[in-house]
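Peer 1: This is the structure, below, for whatever I ask next.
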Amino acid sequence: MKDGELDSTDKRILYYLQQDARGTSSSDIAEKLGLSSSTVRTRLNRLEDTGIVRGYHVDIDYDLAGYPLYTKIICTAPVPERSALANRARDVHGVTAVREIMTGERNVYVNAIGKDHDDLNRISEELDRVGLVIVDEQLIRDEFVCPYHGFLDEDGADQ
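Counting in our numbering, the final residue of the sequence shown is number 553, and the numbers go up one at a time with none missing.
This is how it looks when you write it as structure tokens:
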């Protein structure tokens with residue numbers, strides 16, 4: 395497999411993993427695709443080894459977990475320092491995700507959780523100390539992750 399060149403089998407494996415990685419075994423995927431589980435496991439290992447599959451993550455309802463405040467903090471970082479500052483933001487207690495944006499002034503997005511407004515204020519202050527300039531903050535009601543349907547065959551058939 396060349397970089398970014400996935401065949402339809404690899405794409406379908408990714409699709410089924412995105413639906414429920416924890417509850418889906420190689421055998422489950424193999425059955426849906428008409429392959430052996432060892433073939434699927436071999437492909438999964440290759441997808442992991444090449445870095446296409448970077449991990450298996452849990453989807454948490456932070457409100458139910460005791461963190462009712464979930465916010466997106468939109469920041470600006472000087473382009474030459476963007477990656478380093480984004481990486482440092484990951485170490486701030488309460489930060490759950492960091493995205494680097496390629497264009498525009500608003501080029502680092504930070505998701506963070508807190509029990510109260512004091513937590514969110516502390517996180518903002520720490521991001522400021524890291525060197526990020528906060529442009530906006532948005533309180534998120536909820537966020538849903540879904541599988542990318544483009545990994546299915548073009549006709550959308552689900553075998």
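Glycine included, every Cβ here is placed at the ideal spot set by N, Cα and C.
Since we're looking at a predicted model, the values are computed, not measured.
Go ahead and pull the three-state DSSP assignment for E442.
Peer 2: Three-state result, E442: helix.
Peer 1: When we look at the beta-carbon of N439 and count the other beta-carbons within 10 Å, is it buried (16 or more) or exposed?
Peer 2: Flag for N439 reads exposed.
Peer 1: DSSP puts I507 in a beta bridge; with which residues?
Peer 2: For I507, which the question treats as bridged, DSSP gives the partners Y464.
Peer 1: So what does Q532 bridge to, in DSSP terms?
Peer 2: Answer is K466.
Peer 1: Using a Cβ-Cβ cut-off of 7 Å (strictly less than) and excluding sequence neighbours within five positions of F545, which residues of its own chain qualify?
Peer 2: Around F545: K405, R406, L408, Y409.
Peer 1: Alpha carbon to alpha carbon, what distance is there between Q532 and K466?
Peer 2: Roughly 5 Å separates the two Cα atoms.
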